[in-house]
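These notes concern the structure reproduced below.
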Amino acid sequence: MINDPYQNRKYVIAAIIVGVILIYIIRLFSLQILETKYKEGAESNALLYKTVYASRGLIYDRDGKLLVYNKPAYDITVIMREVQNLDTLDFCRTLGISKEYFDTRIAEIKDTRRNRSYSSYTPQFFMTQLEMKDVAAFQQSNYKYPGFYIQNRTLREYTYQNAAHVLGSIGEVSRQQVEADSYYKQGDYAGRDGIEYAYEKELRGEKGVEILLRDSKGRIMGKYENGEFDESPVAGSDIKLTIDIELQRLGELLLSGKTGSIVAIEPASGEILAMVSHPTFDPSLLVGRERSKNYSELVSDKTQPLLNRATQGQYSPGSTFKILQALISLDMGGVSERTTFSCQGPDSRPIKCTHRHKSPVNIYDAIEQSCNPYFWNAFKNTLEIDGYGDRNEDFKKTYQIWEDKVKSFGLGSRIAGTDVYEQLGGDVPSGSYYTRYYGETGWRALTIRSLSIGQGELLVTPLQLANMTAAVANDGYYITPHLRKTDSLALKVNKVHIDNNKHFATVKEGMKRMVENTWNGKLYKVPGVDMGGKTGTVQNPHGEDHSLYVAFAPLHNPTIAIAAVIENAGFGASWAMPIANLMIEQYLFGEVKRKALLEEFINKTTNPDVKRY
Amino acid sequence: MSRDISIKQGIDWVTVFMYVVMVIAGWLSIYGASYDFDQSSIFDFGNRAGKQFVWILTAFGIAGLLMLIDDKVYNSIVSNFIYIAVTLLLIVTIFIAPDIKGSHSWIRLGSFLSIQPAEFAKIATALAVSRFLATNGKNMDWKNYVLLLGITLLPLVIIILQKETGSALVLLAFFLVFYREGMKGLILLLGVFAIVLFIVIVRFGEIPIQEGKSDLGIIIAFGAILLVQVVYAFFVQKAKKEALWLLGITIAIAAVTAIINIWIITSYNYAAYFAIAASVVYWVVIELVKHSRKFRGLILFIIGAVLFCFAADYIFDSILKPHQQTRIKVVLNMEDDLSGAGYNVNQSKIAIGSGGLLGKGFLNGTQTKLKYVPEQDTDFIFCTVGEEFGFVGSSLVLILFMVFLLRIIHIAERQRETFNRIYGYCVVSIFFFHIMVNIGMVLGLMPVIGIPLPFFSYGGSSLWAFTILLFILLRLDASRSSRVRYV
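So the sequence lines, in the order shown, correspond to chains A and B.
Here my numbering = 1-based position in the first sequence + 259.
Here my numbering = 1-based position in the second sequence + 11.
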């Protein structure tokens with residue numbers, strides 16, 4: 260106090276405070292008194308902010324064929340505060356709705372627990388997704404219903420009735436979405452699944468806003484400030500898919516009356532050419548006012564048309580897994596090209612053979628004939644290559660290498676870094692899983708023998724199976740499979756863990772012989788094309804065996820790798836193989852010449868409950 | 012008993028009155044902001060106004076309790092403990108707070124109540140700073156300067172880590188306290204000059220001239236640095252001849268560049284670099300020739316300012332996050348961005364502007380009520396005042412704030428104990444910073460920085476914190492007369 264040389268600084272501080280307050284008062288004066296553009300609105304006028312929706316991006320197939328576009332739709336909104344002297348009966352008649360419906364809707368709008376953003380001053384959605392014919396009468400007599408407005412929207416329309424699982428659908432945003440992303444307002448639409456979900460941000464564009472002047476009675480007096488503050492919407496970006504819509508269509512047709520899935524991939528680019536899941540439905544069913552009705556019908560169908568079997572169906576790979584078994588056994592040194600094992604047919608132990616063929620067999624014969632005893636012996640030799648060790652540790656180490664190699668083909672977990680959503684991961688059991696189950700020393704090659712023929716705990720999705728085939732077709736790598744056509748240089752190359760690439764030639768030779776030497780292979784082979792394939796027939800508790808088949812073609816520089824799963828159909832060679840081969844024919848030649856075969860398989864039925872939506 | 016009476020007599024009822032008026036005005040504004048056609052009562056606990064009523068009652072209770080606490084506890088080790096406890100709480104908050112719009116600053120206590128420790132960090136820091144300066148103010152060596160800065164900036168850093176940049180920046184207000192307590196005024200001026208340079212670089216840096224070969228921001232900034240040199244040499248050091256020579260050299264360099272430009276396009280940036288380099292050499296030569304030390308500070312200033320200019324671009328582009336960049340661009344009129352950061356400010360300007368002279372009347376505001384203005388009952392509450400009470404009403408609120416701040420300065424200055432005075436200035440500075448930044452933001456004069464307007468913005472944590480901050484001072488002030496008798 261006595262010794263306070265800086266006392267006068269209180270004046271400086273006070274001056275700063277007074278100065279800032281003065282500047283603010285001047286600013287207020289300029290905003291509130293001098294600027295006329297704000298004052299005009301002050302005479303009890305208010306502004307009406309009208310959202311102008313952006314048109315959503317279009318979706319094309321790999322050849323530029325238009326798949327998804329937009330059609331106009333209309334929403335009727337209401338500003339409760341402006342509703343006056345409404346002749347409810349007349350209003351309902353014009354819109355073709357019942358008085359009860361009207362009352363329920365108004366009650367729902369006013370319920371602030373369900374409609375959190377409710378304000379009687381702002382537009383609320385009364386009815387949405389109407390077509391022109393529904394609103395034509397209303398539009399003409401709109402003047403009779405103050406407070407009700409028509410808002411333009413767009414809805415999705417589809418050129419083809421196919422690829423519903425790939426494209427996905429659009430639905431009203433949930434409250435969580437509104438809270439998480441400030442772009443959305445209650446009543447907006449956003450992609451829910453498939454491509455519509457994966458590329459929502461690109462497809463949606465940017466909403467615009469139109470600011471209109473309203474007088475105190477709610478009449479529109481024109482644009483505020485001549486539209487100076489308006490924002491025009493920015494249309495969403497278009498997206499080109501890797502899907503070949505003709506191939507996709509054929510796939511869906513071929514699966515008529517059956518449940519199952521077909522996935523085709525271009526090995527060199529990882530582009531998914533077709534991703535069929537059957538039963539399927541017309542994507543336009545999930546658009547517009549009928550959406551919820553159709554949706555509940557699809558949900559209650561026991562054949563699960565909404566399930567994307569291509570990415571979410573998990574199956575035992577069965578004998579198709581012998582391709583990997585052969586590769587890994589060769590690579591780890593469990594067998595060589597010259598190794599042979601004898602086969603006693605149905606009398607073989609511990610796994611019997613389901614085919615009758617010559618004995619002993621080498622690896623080429625084994626792949627050709629899908630000989631179970633060969634693969635059991637190869638599996639055993641491979642896993643026991645370093646013995647078991649005192650506490651099983653050597654065996655477990657070997658198993659871990661085996662497991663790693665299997666997983667390197669994209670099995671056992673969701674394929675990462677792709678735009679294919681809604682995947683399940685399948686299963687490649689880990690060593691620790693068996694240890695937990697059987698104890699440290701309780702499991703040996705014999706314990707897990709089912710793995711050698713692709714059964715047991717192993718599970719794969721058709722997408723994983725097709726991707727695995729692509730990796731074989733590529734002699735040792737796969738490009739992350741994806742649905743959007745992009746510059747393939749930017750895509751991730753995943754190398755599989757096979758040390759010596761020459762083994763791919765061996766396995767491919769076996770797959771070629773399967774096609775060329777077996778009865779059905781010869782019968783269903785795509786004429787004029789060298790190709791490789793492998794069938795699988797998988798027992799399951801729900802009736803007939805699942806029929807599986809993987810293939811690639813042509814043999815040299817393959818352009819397509821395919822996997823097909825037909826549920827409860829029977830032998831792989833009698834269902835999945837012909838169906839997949841017809842797909843290959845369509846892709847390689849642009850048409851199917853074997854019309855009789857085509858007809859036959861379109862008409863064959865495995866599940867009478869499967870409906871066409 | 013006699014003590015109670017003396018405290019009652021000592022209470023500064025003028026400030027208490029202003030406090031009550033502001034809190035109630037704030038409450039009515041919140042009601043106005045969230046008022047809806049169908050909404051009924053200001054006491055309805057389902058809405059914000061009703062909840063604020065509870066916060067106000069509890070704040071009054073807190074104020075009353077604070078008056079009962081012995082004033083001697085503050086200038087003691089207790090303040091240090093409060094500071095340490097709050098700092099620890101701030102750190103813990105980072106880890107346990109849920110993610111609310113990217114920030115981790117709210118601790119949930121049950122489903123109804125959340126508190127924001129950052130609001131209370133101001134009080135703790137004010138107490139700690141006051142105690143430190145009151146104890147060590149007379150012998151400040153470099154160690155003490157570092158400690159003081161550390162006490163002030165530690166909470167700032169932690170709060171930034173909570174992603175609450177706005178609340179963190181409030182702690183910069185303490186520099187006003189340091190100024191009152193003897194920090195060189197030059198530091199404040201340098202701070203202001205740095206802000207000016209930053210704005211110039213960002214605002215003009217994007218305007219291409221000479222086919223993009225020159226950076227207008229750098230040219231103006233360097234021009235300003237040269238001008239400061241001339242003014243400083245001329246008026247402060249009275250070295251008139253040297254100052255005029257420097258002015259002449261600079262003009263000559265600019266003129267030569269202009270002439271060269273007639274034939275070949277030569278970037279003015281080179282001229283600016285050259286002129287600045289020349290000025291440094293110029294002062295160094297003068298120092299050496301005259302064996303003086305007069306311009307040593309100036310030379311350091313030039314080098315520092317030039318480095319800062321080059322760093323400004325980097326700070327803006329790399330350290331600030333995109334949304335912060337947009338907020339600054341919006342306030343500098345470089346970008347409209349009506350859907351993002353610009354939307355709030357544009358809407359708030361329309362709302363305030365539409366208020367006119369007298370406003371639309373209580374509860375008649377349409378702009379705020381139509382929910383066009385986001386955060387209308389928290390950070391943008393001043394909009395409601397502007398729209399419903401017009402120029403007259405909002406100016407009155409500003410003047411009320413001004414009188415309130417000046418009153419606290421008055422209270423601070425009449426304290427006999429250094430601790431009390433410093434604490435008083437902490438209170439002024441914090442309130443001033445909040446008012447300046449919040450209303451500046453609403454008026455479009457400051458970038459959008461989310462901090463509450465004292466007593467007006469909805470929220471329990473901030474109301475409690477402001478109340479505690481103020482009433483500790485009023486309690487200290489109340490004993491001022493009683494203390495005299497015992498001395």
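Here a beta-carbon is modelled for each residue, glycine too, at the ideal position from N, C-alpha and C.
The model shown is predicted, which means the values in this text are computed figures rather than measured ones.
Helix or strand or just coil, what does DSSP make of T277(B)?
Three-state result, T277(B): coil.
Buried or exposed for Y402(A), going by 16 or more other Cβ atoms inside 10 Å?
Counting every other CB atom within 10 Å of its CB across the protein chains shown gives Y402(A) a total below 16, marking it as exposed.
Give the interface partners of L841(A) over in chain B, defined as CB-CB distance under 8 Å, in chain order.
What L841(A) touches in chain B: nothing, since even the nearest Cβ is about 51 Å away.
If we count the other Cβ atoms within 10 Å of its Cβ and call it buried at 16 or more, is P333(B) buried or exposed?
The residue is exposed, with fewer than 16 neighbouring Cβ atoms inside 10 Å.
How long is the line joining the alpha carbons of G372(B) and E399(B), rounded to whole angstroms?
G372(B) and E399(B) have their alpha carbons spaced roughly 5 Å apart.
Find the residues of chain A that neighbour E399(B), judging by a C-beta separation of less than 9 Å, and give them in chain order.
Chain A residues near E399(B): none, gap ~11 Å exceeds 9 Å.
Where do the ends of the alpha helix (DSSP H) carrying L172(B) lie?
Where L172(B) is concerned, the enclosing alpha helix (DSSP H) stretches over 153-172.
Chain B residues whose Cβ lies nearer than 7 Å to that of I284(A):
Near I284(A) (Cβ distances below 7 Å), the residues of chain B are S406, L409.
Return the first residue and the last residue of the beta strand (DSSP E) that T796(A) is part of.
From DSSP, the beta strand (DSSP E) with T796(A) extends over 791-797.
Is it the case that the Cβ atoms of S365(B) and C394(B) are separated by a distance below 7 Å?
Cβ distance not < 7 Å, so S365(B) and C394(B) don't count as in contact.
Measure the C-alpha to C-alpha separation of A839(A) and L512(A) and round it to an integer number of angstroms.
Those two C-alpha atoms are separated by around 12 Å.
Nearest CA to the CA of I825(A): which residue from T518(A), V277(A), K499(A), K309(A)?
It is T518(A).
CB of I230(B) within 7 Å of CB of A283(B), strictly
Against a cut-off of 7 Å, the Cβ pair of A283(B) and I230(B) comes out as a contact.
For N272(B), list the residues DSSP reports as bridge partners.
None, per the DSSP bridge assignment.
Per DSSP, I409(A) is paired with what?
Paired residue(s): I335(A).
State the CB to CB distance for the pair K369(A) and Y377(A), rounded to an integer number of angstroms; the pair is presumed to be in contact (CB under 8 Å).
For a cut-off of 8 Å, the C-beta gap from K369(A) to Y377(A) is around 7 Å, short enough to register as a contact.
Look at the alpha carbon of S481(A) and the alpha carbon of Y554(A), and state the distance between them as a whole number of angstroms.
This sequence places Gly at residue 481(A); Ser is not what is there. Distance between the alpha carbons of G481(A) and Y554(A): 42 Å.
So N58(B) is in the beta strand (DSSP E); what residue range does that whole segment cover?
In the DSSP assignment, N58(B) falls outside any beta strand (DSSP E), carrying neither H nor E.
For the structure I just gave you, are there three or more beta carbon pairs, one from the stretch 807-819 of chain A and one from the stretch 779-794 of chain A, closer than 8 Å?
A contact exists between the stretch 807-819 of chain A and the stretch 779-794 of chain A.
Which same chain residues, not among the five before or five after E662(A), have their C-beta less than 7 Å away from its C-beta?
A distance below 7 Å between beta-carbons, with the five flanking residues on each side excluded, links E662(A) to the following residues of its chain, in chain order: V687, S689, G690.
So, with DSSP's three-state summary, where would you put K133(B)?
In the displayed model, K133(B) falls within a helix according to three-state DSSP.
Threshold first: 3 residues or longer. Then list the beta strand (DSSP E) segments lying entirely within the stretch 709-765 of chain A, N to C.
As far as the stretch 709-765 of chain A is concerned, its whole beta strand (DSSP E) runs of at least 3 residues are 736-738, 752-754.
Whose Cβ in chain A lies nearer than 8 Å to the Cβ of F412(B)?
Contacts between F412(B) and chain A, judged by CB atoms closer than 8 Å, involve I280 in chain order.
Taking Cβ positions only, does E431(A) come closer than 7 Å to chain B?
No - not a single Cβ of chain B is within 7 Å of the one on E431(A).
7 Å Cβ cutoff met for R412(A) and A332(A):
One thing to note: R412(A) has its Cβ within 7 Å of the Cβ of A332(A).
Helix, strand or coil: which one does DSSP assign to Q388(A)?
Correct three-state label for Q388(A): strand.
Cα-Cα, which of I479(B), V292(B), I126(B) is closest to A70(B)?
Comparing Cα-Cα distances from A70(B) to each of I479(B), V292(B), I126(B), the minimum goes to I479(B).
Does chain A have any CB closer than 7 Å to the CB of G193(B)?
At least one beta carbon of chain A lies nearer than 7 Å to the beta carbon of G193(B).
V342(A) versus chain B: which residues are under 8 Å apart at the beta carbon?
Result: empty, since nearest Cβ-Cβ is about 11 Å, beyond 8 Å.
What is the rounded straight-line gap between the Cα of N252(A) and the Cα of Y633(A)?
Examination of residue 252(A) is not possible in this model, given that chain A is present from 260 through 872 alone.
When you compare each of Y265(A), F407(A), I861(A) to C351(A) by their alpha carbons, which one comes out closest?
The residue with the shortest Cα to Cα distance from C351(A) is F407(A).
Can you check whether the CB of V493(A) is closer than 7 Å to the CB of E469(A)?
Taking a C-beta distance under 7 Å as the contact criterion, E469(A) and V493(A) do not qualify as a contact pair.
Host beta strand (DSSP E) of R321(A) (start-end):
Where R321(A) is concerned, there is no enclosing beta strand (DSSP E), given that its DSSP letter is neither H nor E.
Using alpha carbons as the reference points, say which of E850(A), I276(A), M534(A) lies closest to L409(B).
Out of E850(A), I276(A), M534(A), the CA that lies nearest to the CA of L409(B) is found in I276(A).
Counting beta carbon pairs with one atom in the stretch 596-613 of chain A and one in the stretch 852-861 of chain A, are three or more of them shorter than 8 Å?
Short answer: they don't touch.
Tell me which same chain residues have a C-beta within less than 7 Å of the C-beta of T873(A), skipping the five on either side of it?
The displayed coordinates of chain A run from 260 to 872. Any statement about residue 873(A) would go beyond what the structure contains.
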